[in-house]
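Take a look at the structure below.
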Amino acid sequence: MSWSGGKDSTASIILAHENNEPLDTIVFCEVMYDLKNNISGENPEHIKFIKEEAKPLFESWGYKVEILRANQDYLDFFHHIIKHPRKHMDHKGKKFGFPVYGMCGVKRSLKLKPINDYYKNVQDVVHYVGICIDEKKRLESLHKQSNRISLLERYGYTEQMAKEKCEEYGLLSPSYKYSKRGGCWFCPNAKLEEHRIIKERYPDIWNQFVALEDEDNIANYKFNVFGKTLHEIDNELRQNQRN
Ligand code: SF4
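Those letters in the sequence shown? Residues 729 to 971, by our numbering.
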């Protein structure tokens, strides 16, 4: 099971446990912001939940839980020098900069690559994937793949039912307090409340992140696709500081 810690993949593990499905290994990949200084790119409450609550419980159920990391981090990604730019782009020799909305290279290199590398060493793997019965299009494409199974489909679970199943076991990630999405706190899709938690808990890291916008020679220098720069988001957070 490739596990994100979100409600669908977590509910799938619970269903495997309840129904004695033949699950042996659960694989989670932690995206890192700064590997050298051990700073995670995951929402701080989410990664605490993964490591301190869900993982020990799953291990007590007899499952092996692997937490993978790439050997690169977000800062490597940001500072990567472009050698072969896309056609008509004047980016040769520039630092890559912020992830591009809809084509996130962070996902490819820091999340999917470690997972794919892990599976290369596993023979005859069958994946459980967290797709609910109300996600028709995703199920249609799942049915075309012989080595992927949705336990949520097998047991007739909607997204709401998956959420309730997680709540029943105390396994709904606290990240849902901040956003419906999961993922990296430095994501262009991150909501204001996701940024706030970093600014409040780790002000030095947040300030370093905002300062990336001031670096020279950046190809993708604009942070947010919704038209706000990091400096503007920072100002907004300062003005709306909670008491
Ligand atoms: S959460 Fe955002 S930044 Fe992280 S891998 Fe996904 S799209 Fe990329």
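Backbone N, C-alpha and C define an ideal beta-carbon position, used for all residues, glycine too.
Kindly indicate which three-state DSSP category residue 806 falls into: helix, strand or coil?
-> As a first step, residue 806 must be located in the sequence shown, where it is residue number 78. Correct three-state label for residue 806: helix.
Beta-carbon proximity list for residue 881, same chain, < 7 Å, skipping 5 on both sides = Numbered from its first residue, the sequence shown carries residue 881 at position 153. Contacts found: 859, 861, 867.
Buried versus exposed, by CB contacts within 10 Å (16 or more), residue 932 | By 1-based counting over the sequence shown, the position of residue 932 is 204. Exposed, since its Cβ has fewer than 16 Cβ neighbours within 10 Å.
One or two residues paired with residue 912 in a DSSP bridge | Taking the sequence shown and counting its residues from 1, one reaches residue 912 at position 184. 770, per the DSSP bridge assignment.
Tell me whether residue 874 is buried or exposed, calling it buried when 16 or more other Cβ atoms sit within 10 Å of its Cβ.
-> The residue you call residue 874 lines up with position 146 of the sequence shown. By the 10 Å Cβ count, residue 874 comes out exposed.
Rounded to whole angstroms, what's the CA-CA distance from residue 947 to residue 844? Just pull it up for me.
-> Within the sequence shown, the letter at position 219 stands for residue 947. Within the sequence shown, the letter at position 116 stands for residue 844. About 28 Å.
What residue from 841, 941, 743 has the CA that sits closest to residue 807's CA?
-> Translated into the one-based positions of the sequence shown, residue 807 becomes position 79. Nearest to residue 807 by alpha-carbon distance, out of 841, 941, 743, is 941.
Just to check, is the beta-carbon of residue 916 closer than 8 Å to a non-hydrogen atom of ligand 3?
-> Among the ligands in the structure shown, ligand 3 does not appear; only ligand 1 can be found there.
Is it a yes or a no for the region 778-792 touching the region 748-763, going by three-plus beta-carbon pairs under 8 Å?
-> By the Cβ test, the region 778-792 is in contact with the region 748-763, since at least three Cβ pairs between them sit closer than 8 Å.
Comparing the CB of residue 838 with every heavy atom of ligand 1, is any distance shorter than 8 Å?
-> Here the question's residue 838 lines up with position 110 in the sequence shown. Under cutoff, so the answer is yes.
Neighbourhood of residue 838 by C-beta, 6 Å cutoff - its chain only, sequence neighbours within 5 removed = By 1-based counting over the sequence shown, the position of residue 838 is 110. Around residue 838: 759, 798.
Which stretch, first to last residue, makes up the alpha helix (DSSP H) that contains residue 890?
-> Position 162 of the sequence shown, counting from 1, holds the residue named residue 890. It spans 887-896 - the alpha helix (DSSP H) in which residue 890 sits, taken as one unbroken run.
Sorted by chain position, which residues of the same chain lie with C-beta nearer than 6 Å to residue 850's C-beta, five sequence neighbours on each side aside?
-> Here residue 850 is taken as the residue at index 122 of the sequence shown, counted from 1. Result list for residue 850: empty, nothing under 6 Å.
Count the other CB atoms, across all protein chains shown, that sit within 10 Å of the CB of residue 971; report buried if there are 16 or more and exposed otherwise.
-> By one-based count along the sequence shown, residue 971 stands at place 243. Caution is warranted here: a pLDDT of 49 is assigned to residue 971, below 50, making its placement in the model unreliable, and the coordinate value is therefore given only provisionally. So residue 971 counts as exposed.
Using DSSP bridges, identify the partner residues of residue 856.
-> Your numbering for residue 856 matches position 128 in the sequence shown. Residue 856 is bridged to 877.
Looking at C-alpha atoms only, which residue of 841, 857, 917 is the closest neighbour of residue 830?
-> For the purposes of this step, residue 830 is taken as residue 102 along the sequence shown, with counting starting at 1. Considering only alpha carbons, the answer is 917.
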